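As structure tokens, the structure follows; a few thoughts come after it.
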Amino acid sequence: MKIVKILDDVCGWCRENICQKVSMKLPDDETNDQGYEPKYVTPAAFPLYLPAKDRLPPGVPAPIPSLCVQLMEGKDELIGKSRRLNIRLCLAAWNPGEHGGENFIPHPAPGKLGGYAYTRWSGPEAQDYYRRNAEGWRDVWSFVDTALAAVENAEYFAGLRLVKELGITYGPFTEEGAIWDYYPYWHSWIAFTLECGIVQKTPDAYSHLL
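So that you can map any letter, position 35 of the sequence shown is 35 in our numbering, and since no number is skipped, the others follow by simple counting.
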């Protein structure tokens, strides 16, 4: 498989099997206090690079929340005719604190699982409520949990085998040993290896000898 196709296919797999299961806050860098009415979107999925705001594809409102599929290293085993690619998923979220509109209120509901149903807190009081905090990291790590569940339960990614014997690693982004602090943006990563076959084409310079 061609590298470009692999990245596009893995990105599509992540969009369908990870991003579609998540709803996260849409960033507003101008209004993030009590004046911000929480807006939720499905994280976008991008291959290799996170685009700038002025280079977003149609239908994508912001570069974050998102998942970016990056190829960190590849190796072709010419004798065994196999290709292994070390893939890193970069996950990003935005959350400056607790907004009233993101809270859910429980109501007794005997017919529901657990005996309760939940409705989103709304109205003027909810709209005016805001408490700034550094709890936004929970959003990106919940995103990681969703991604890990999808990856660990997969055998193949769009035709590529997940090399389970090499395991899956994950963690926060760091700089000089310290975890990134770009409040109110939050970042983490997941890494694993995919494998597929390669087809060796006879070079034109030697084809006349065969």
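Glycine included, C-beta positions come from ideal geometry on N, C-alpha and C.
Just so it is clear, the structure is predicted and the values come from calculations on it, not from any experiment.
Can you check whether the CB of residue 150 is closer than 7 Å to the CB of residue 17? yes
With DSSP collapsed to three states, give me the class of residue 173. coil
Tell me which same chain residues have a C-beta within less than 8 Å of the C-beta of residue 21, skipping the five on either side of it? 146 and 150
In this structure, how does DSSP classify residue 34 when only helix, strand and coil are distinguished? Three-state DSSP puts residue 34 in coil, outside helix and strand.
Please determine, among 132, 25, 161 and 173, the residue with the shortest C-alpha to C-alpha distance to residue 86. 161
Backbone CA spacing between residue 210 and residue 78 [nearest angstrom]: Low confidence applies to residue 210: its pLDDT is 47, below 50, so where it sits in the model is not reliable, and the reading given next is rough at best. If I take the Cα positions, the gap works out to 20 Å.
Check the C-beta distance from residue 171 over to residue 189 and give it rounded, since I have them as a contact under 8 Å. 6 Å
Touching or not, the segment 61 to 70 and the segment 36 to 45, by the rule of three or more beta carbon pairs under 8 Å? yes
Given that a residue counts as buried once 16 or more other Cβ atoms are within 10 Å of its Cβ, and exposed if not, what is residue 108? Result: exposed.
Residue 167 versus residue 40: straight-line alpha-carbon distance, rounded: In a straight line, the C-alpha of residue 167 is about 33 Å away from that of residue 40.
With distances taken between CB atoms, is the gap from residue 55 to residue 97 smaller than 7 Å? no
Taking the alpha-carbon positions, what's the residue 36 to residue 29 distance? Taking the straight line from one Cα to the other gives about 10 Å.
According to DSSP, is residue 209 part of a helix, a strand, or is it coil? Its pLDDT being 47, under 50, residue 209 is placed unreliably in this model, and the value from its coordinates should be taken loosely. Of the three classes helix, strand and coil, the one that applies to residue 209 here is coil, per DSSP.
Using DSSP with H/G/I as helix, E/B as strand and the rest coil, what is residue 67? Residue 67: strand per DSSP, three-state reduction.
Using C-beta distances below 6 Å, list every residue in its chain close to residue 50, excluding the 5 sequence neighbours before and after it, in chain order. Close CB contacts of residue 50 within its chain, under the 6 Å cut and outside five residues either way in sequence, are with 63 and 68 (chain order).
Determine whether the beta carbon atoms of residue 1 and residue 196 lie at a separation below 7 Å. Yes, Cβ-Cβ distance for residue 1 and residue 196 is below 7 Å.
Exposed unless 16 or more other CB atoms sit within 10 angstroms - verdict on residue 140: buried
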